[in-house]
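Here's the structure we're looking at; comments come further down.
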Amino acid sequence: MKTDVGITGAVHGHVAHDSAEKHVTGRADYTDDIPEPVGTLHGYLGLAPCAHGRLTGLDLSAVVAAPGVVGVLTAADIPGLNDISPTGCRDEPVFPEALVEFHGQPIFAVIAETRDAARRAAELARVEIEPLPAAIGIEAALAAGYPDVTAPLVLERGDVGPALAAATHRIRARMTVGGQDHMYLEGQIAFAIPGEDDEVTVHASTQHPTEVQQMVAQVLGVPANAVVVNVRRMGGGFGGKETQMNLFCVVAALAAKRWNQAVKIRPDRDQDMIATGKRHDVVVDYEVGFGADGVIHAVDATVTARCGFSADLSGPVTDRALFHADNAYFYQAVRLRSRPLKTNTVSNTAFRGFGGPQGMIAAERMIEEIACALGRDPLEIRRANFYREGRDLTPYHQRVEDNIVGRLVDELEASADYAARRAAVLEHNARGGIIAKGIALTPVKFGISFTATHYNQAGALVHVYKDGSIHLNHGGTEMGQGLNTKVAQVVADAFQVDIERVRITKTTTEKVPNTSATAASSGSDLNGMAALDACEQIKARLVAFAAESRGVAPEDVRFAPNEVRIGAEPVPFDRLVHEAYMARVHLSAAGFYKTPKIHWDRATGRGHPFYYFAYGAACSEVSVDTLTGEYRVDRVDILHDVGRSLNPALDLGQVEGGFVQGMGWLTTEELWWDEEGRLRTHAPSTYKIPLASDIPRIFNVRLADWSENREMTIKRSKAVGEPPFMLAISVLEALSMAVASVADYRECPRLDAPATPERVLMAIARLTGEA
Amino acid sequence: MTKMHLTLTVNGEAVETLAEPRELLIHVLRERLGITGPHIGCETSHCGACTVDMDGKSVKACTIFAAQAQGAEITTIEGIGTPDSLHVLQEMFREHHGLQCGFCTPGMITRAWRLLKENPTPSEEEVRFGMAGNLCRCTGYQNIVKSVLAAANELNTVKEAAE
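So the sequence lines, in the order shown, correspond to chains F and E.
The letter at position 102 of the first sequence is residue 102 when you use full-length UniProt numbering, and the numbering goes up by one with no holes.
The letter at position 162 of the second sequence is residue 162 when you use full-length UniProt numbering, and the numbering goes up by one with no holes.
Shown next, in the form of structure tokens:
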């Protein structure tokens, strides 16, 4: 009897990343590692040297004449539609025909025998641009009366004006929050191989193969069925490869068809950072009305985002900022408005959290304002405003049903010893001295589902071969998060076979069509369920066959670890599969899933856009040198909710990685454009993401092991990609407390993000009257 | 440009190739020798994805000229261990989930391999600073540091047992 022996790779277990062995031995293939066919050509983009102007001349004769150059591509060479707007706004040309809209906008491509030759030749272009006034930042764009790139959103509940007027206290201020470069270690890359007739295959590092397929098809003027897009894995994505790969794929495909050769495009890091979009920086103007008890009565806020020259995903990003401008707090009356503002900069795009962090950070700022005004511990103010029964309606009229944020915060407060440590910090600061300390405990509540409801669908394809091996394909893409591992666990669990029997293959538009981007943290929720659906179909056929062949009732057929119990008879999985094949049973299935319950009416600002919420809480302690503004993060404690984790090892990795990435956003990562609109922080030499030496000295991360998703998600788990990112707001709040200590906490420092040492020092100077 | 005759030792094997003197070591490895474990991340020596070991030092292969590598002894991730015979560091990165997208992993392990030769008993702080020349955007480094410390511990246990 083997009844006690389970399968390897079961769900809820610590299963190593499926590619771990390949990664540690350098044998995992990325797009740039695919062997190149003989004659492979290389492309490079030529960028506009002006932020805004009329393109009056483009002389590429020197480029074409340069050694090794095969040819150039401009807007005139596009056989289909010269547009790659992911939302159909028709505002994002592959190459502009007449108008340049940001410094660094790609205006042509050069194709050469080597990448080196292409890079050198691209510099030889003679570009004539008649400059027009440009608006680089939010202030300038507002002053110039720039339009929104897409329709703004208003979320409203209750009567804000009278509620504000009636409140005992009112505070009105502004917060500015910086953007963020994705800084995926593997940059953008596309590798196109021409096929017969109008066909082309593109290997790329994209989070959204279906969109690349659609864009390549529309630009080439061919049907989608002529284009295949393959993604084995990405060297990081974080949202930066959701739409931003479209350009590179389209140009590579265009060149591959034009010269009938394989064509690879891999920009260098500078070009990657200059020419692709980032997290939106925002300005939040807020007014909050509250009582003497710290309870919020009304919030009126506007989130204005630097969207860049086109809409890209700025609509849904700024919508999500509003959806999270409440974080975990009930606003009795509320009005939230978005301004997705056009600017003459690169078009900003998806980035982990997708606008959510920019909304949430404003909620935490308002809490801090209230705490400062009332002289209270911000944690008390947070608690006083948590959603709970009877105070559970969001600004978008969705009810918060699983009010677990209070429990998470209570548990973390105890395990991190918050009260005693805060007392110690206050005592330390009271003694004076150069080093000021701060401590903060902040919660996260993050809505899970694409707010574009139609995106919440997924497909999977499962084959059981007649030797009993299983081939798994789904529409999601692997960028390090471990999606393939989780979905393979689901499949292994469904058939009750060891995970080694399940082979995970590259994502390809040939196997699963019409997929959604692997984004919005939804990868395992959607694709896990789709794969399970495929497994259940095959299992049902195997059960019917087994029951019939042995003359037992279908209820008496059971999938046990690596065998199927047919009545009392244990039959090895392989044998049953082979018997089924011989009996002509179909052993392949396409699975499908669509998220239930969700709906959203943007025009009225009402609905149930999120299937559920994921929660977390973090407590951060920092030390600030008040003479230089430099600081370090001494300790961070995190308690995070992933429901019943599909794989705690992978989930803890997401929580730690998300937190540190969020910490980078709020501390060291500063994007800086000059007056001409040139991005001056366009490489890791000047753009600083966290290093191993920057992470918290003490870093305790736990998953809430009691949590279970109340909705019927895959094995009752919760999405984990984005929510932990916002735990890092606790670092900014802790820094702010340290800064506030120099003026005895009487004044809210209004420390904007990123809180670079310079900005911390300036805030200290302002508070001590030395500015 | 005239190509030079390059002779070097890579992962214990003598190799010869023709390369332009100003060609970068990373391109020689990846494009001429088919060694694709070291990756190209930033091409400016900041990210460390291209880290290899050259004559007993960790170097960023994206800022070493082919000419500088003449006669050098190079170790890449491929020379540290194979799937059939993983180095302890490789095992620990797998077991402690010291990787996510994996793009930084070969450079990270190659750096850690040299770090543990420089300092076989590093403190947690020493690992954090000793690995600070290699960027990771996914993991938040916590599990990378854990993996390196676990490997150091394992290697020292084996060494003590041998003594």
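Just so you know, even glycine gets a beta-carbon here, dropped at the ideal spot from N, CA and C.
Quick caveat: nothing in here was measured; it's all calculated off a predicted structure.
| Do three or more CB pairs link the region 15-32 of chain F to the region 92-111 of chain E at distances below 8 angstroms? | Contact between the region 15-32 of chain F and the region 92-111 of chain E is present: three or more C-beta pairs spanning the two stretches fall below 8 angstroms.
Inter-residue Cα distance where the pair is residue 34/F and residue 64/F: For this step, residue 34/F is matched to residue 34 along the first sequence. For this step, residue 64/F is matched to residue 64 along the first sequence. C-alpha separation (whole angstroms): 28 angstroms.
Residue 479/F versus 185/F, 428/F, 392/F, residue with shortest Cα-Cα distance: In the first sequence, counting from the first residue as 1, residue 479/F sits at position 479. When only C-alpha atoms are compared, the closest one is 185/F.
*List the whole-angstrom C-beta distance separating residue 39/E from residue 17/F, where the pair is believed to meet the contact cut-off of C-beta under 8 angstroms.*
Counting from one through the second sequence, the residue named residue 39/E turns up at place 39. Counting from one through the first sequence, the residue named residue 17/F turns up at place 17. Distance from residue 39/E to residue 17/F at the Cβ level is roughly 17 angstroms; contact not present, criterion being Cβ atoms closer than 8 angstroms.
At least one CB of chain F closer than 8 angstroms to the CB of residue 132/E: is that the case? Locating residue 132/E in the second sequence gives position 132, counting from the first residue. By this cut-off, residue 132/E is an interface position.
**Q.** Cβ neighbour criterion (16 or more within 10 Å) applied to residue 158/E
**A.** Translated into the one-based positions of the second sequence, residue 158/E becomes position 158. It counts as exposed.
- How is residue 159/F classed by DSSP in three states: helix, strand or coil? The residue you call residue 159/F lines up with position 159 of the first sequence. In the structure shown, the three-state DSSP call for residue 159/F is coil.
Point to revise | Distance between beta carbons of residue 580/F and residue 542/F, contact taken as under 8 angstroms | key: If you number the first sequence from 1, residue 542/F lands on position 542. If you number the first sequence from 1, residue 580/F lands on position 580. Distance from residue 542/F to residue 580/F at the Cβ level is roughly 6 angstroms; contact confirmed, criterion being Cβ atoms closer than 8 angstroms.
Go to residue 701/F, then tell me how far its beta strand (DSSP E) extends in each direction, as first and last residue.
On the first sequence, residue 701/F is found 701 positions in, with the first residue counted as 1. Here the beta strand (DSSP E) through residue 701/F covers 698-703.
Interface residues of chain F facing residue 145/E [CB-CB closer than 9 angstroms]: Here residue 145/E refers to the residue found at position 145 when the second sequence is read from its first residue. Under a criterion of Cβ atoms nearer than 9 angstroms, the residues of chain F adjacent to residue 145/E are, in order, 692, 695.
Compare the C-beta of residue 499/F against all C-beta atoms of chain E and say whether one is closer than 8 angstroms. If you number the first sequence from 1, residue 499/F lands on position 499. Taking CB atoms only, residue 499/F has no neighbour in chain E less than 8 angstroms away.
**Asked** Rounded C-beta distance between residue 732/F and residue 648/F? I'm assuming under 8 angstroms.
**Response** For the purposes of this step, residue 732/F is taken as residue 732 along the first sequence, with counting starting at 1. For the purposes of this step, residue 648/F is taken as residue 648 along the first sequence, with counting starting at 1. About 28 angstroms separates the two Cβ atoms, so there is no contact after all.
Is the Cβ of residue 42/E closer than 8 angstroms to any Cβ of chain F?
To locate residue 42/E, count along the second sequence from 1; it is residue 42. So, interface residue.
Grab the span of the alpha helix (DSSP H) containing residue 429/F for me, first residue to last.
Within the first sequence, residue 429/F is the residue found at index 429, counting from 1. Going by DSSP, residue 429/F is part of the alpha helix (DSSP H) stretching over 418-430.
Practice task
Please list the partners that residue 481/F has in chain E, where partner means a Cβ-to-Cβ separation under 9 angstroms.
Solution key: Position 481 of the first sequence, counting from 1, holds the residue named residue 481/F. In chain order: 100, 101, 138.
Check: For a contact meaning CB atoms closer than 8 angstroms, what does residue 32/E contact in chain F?
Finding: Mapped onto the second sequence, residue 32/E falls at position 32. Per Cβ cutoff of 8 angstroms: no residues; residue 32/E is ~13 angstroms from chain F at best.
**Asked** Measuring from the CB of residue 423/F, is there a heavy atom of the ligand GDP at a distance below 7 angstroms?
**Response** By its list of ligands, the structure shown contains no ligand whatsoever, and the ligand GDP lies outside what it can speak to.
- Query: How would you call residue 120/E, buried or exposed, if buried means at least 16 neighbouring beta carbons within 10 angstroms?
  - Reply: Walking along the second sequence from the start, residue 120/E turns up at place 120. In the assembly as shown, residue 120/E is an exposed residue. Its beta-carbon has fewer than 16 other beta-carbons within 10 Å.
Check your understanding: CB-CB under 6 angstroms to residue 198/F, same chain, minus the five flanking residues each way: which ones, in chain order?
Key -> If you number the first sequence from 1, residue 198/F lands on position 198. Cβ within range, chain order: 222, 226.
Based on Cα-Cα distance, which residue from 488/F, 506/F, 507/F lies nearest to residue 498/F? Indexing the first sequence from 1 puts residue 498/F at position 498. Checking every option, the nearest Cα to that of residue 498/F belongs to 488/F.
Practice problem: Could you give the DSSP three-state label for residue 3/F: helix, strand or coil? | Solution: Numbered from its first residue, the first sequence carries residue 3/F at position 3. Here residue 3/F scores only 44 on pLDDT, less than 50, and its place in the model is too uncertain to base an answer on.
Buried versus exposed, by CB contacts within 10 Å (16 or more), residue 706/F
For the purposes of this step, residue 706/F is taken as the residue at position 706 of the first sequence. Under a 10 Å Cβ-count criterion, residue 706/F is classified as exposed, with fewer than 16 other Cβ atoms of the shown protein chains found around its own Cβ.
**Prompt:** Are any of the Cβ atoms in chain E nearer than 8 angstroms to that of residue 347/F?
**Reply:** Within the first sequence, numbered from 1, the residue matching residue 347/F stands at position 347. Not an interface residue.
- Query: Ordered along the chain, which non-local residues of its own chain (more than five positions away) have a Cβ less than 7 angstroms from that of residue 238/F?
  - Reply: Taking the first residue of the first sequence as 1, we reach residue 238/F at position 238. These residues qualify, in order along the chain: 182, 184, 351, 352.
At 4 residues or longer, what runs of the alpha helix (DSSP H) sit wholly inside the region 291-367 of chain F?
Segments of the alpha helix (DSSP H) lying fully in the region 291-367 of chain F: 314-323.
Notebook entry, point to check: Are any of the Cβ atoms in chain E nearer than 8 angstroms to that of residue 234/F?
Noted result: For the purposes of this step, residue 234/F is taken as residue 234 along the first sequence, with counting starting at 1. Closer than 8 angstroms to some Cβ of chain E, the Cβ of residue 234/F qualifies, so yes.
When burial is assigned at 16 or more other CB atoms within 10 Å of the CB, is residue 160/E buried or exposed?
Counting from one through the second sequence, the residue named residue 160/E turns up at place 160. Exposed is the call here.
Would you please verify whether the beta carbon of residue 151/E is less than 8 angstroms from any beta carbon of chain F? Counting from 1 along the second sequence, the entry for residue 151/E is found at position 151. Taking Cβ atoms only, chain F never reaches closer than 8 angstroms to residue 151/E, which makes this a no.
* Looking only at DSSP bridge pairs, what is residue 600/F linked to? -> Residue numbering aside, residue 600/F sits at position 600 when the first sequence is read from its first letter. According to DSSP, which records beta bridges pairwise, residue 600/F is partnered with 607/F.
- Query: Going by alpha carbons, who is nearest to residue 69/F out of 106/F, 123/F, 572/F, 389/F?
  - Reply: Position 69 of the first sequence, counting from 1, holds the residue named residue 69/F. Cα-wise, what sits closest to residue 69/F is 123/F.
Less than 8 angstroms between CB atoms is the rule here; does residue 83/E satisfy it with respect to chain F? The count along the second sequence starts at 1 and reaches residue 83/E at position 83. Yes, residue 83/E lies at the interface with chain F (some Cβ there is under 8 angstroms from its Cβ).
Host beta strand (DSSP E) of residue 106/F (start-end) = Position 106 of the first sequence, counted from the first residue, corresponds to residue 106/F. Residue 106/F: member of the beta strand (DSSP E) spanning 106-112, first to last residue.
* Asked: Could you give the C-beta distance for residue 5/E and residue 16/E, rounded to a whole number, given that I count them as a contact under 8 angstroms?
  -> Here residue 5/E refers to the residue found at position 5 when the second sequence is read from its first residue. Here residue 16/E refers to the residue found at position 16 when the second sequence is read from its first residue. Indeed, because the Cβ distance is near 7 angstroms, the residues count as touching under 8 angstroms.
- Task: Closer than 7 angstroms by beta-carbon distance: list the chain E residues that pair up with residue 699/F, in chain order.
- Result: Counting from one through the first sequence, the residue named residue 699/F turns up at place 699. For a Cβ distance threshold of 7 angstroms, residue set 142 of chain E lies close to residue 699/F, ordered along the chain.
Practice problem: Determine, using beta carbons only, whether residue 329/F comes closer than 8 angstroms to chain E. | Solution: Taking the first sequence and counting its residues from 1, one reaches residue 329/F at position 329. Using beta-carbon distances, residue 329/F does not count as an interface residue toward chain E, since no partner is under 8 angstroms.
> Between the beta-carbon of residue 33/E and the beta-carbon of residue 65/E, is there less than 8 angstroms?
Replying inline: Position 33 of the second sequence holds residue 33/E. Position 65 of the second sequence holds residue 65/E. Not a contact, by the Cβ cut-off of 8 angstroms.
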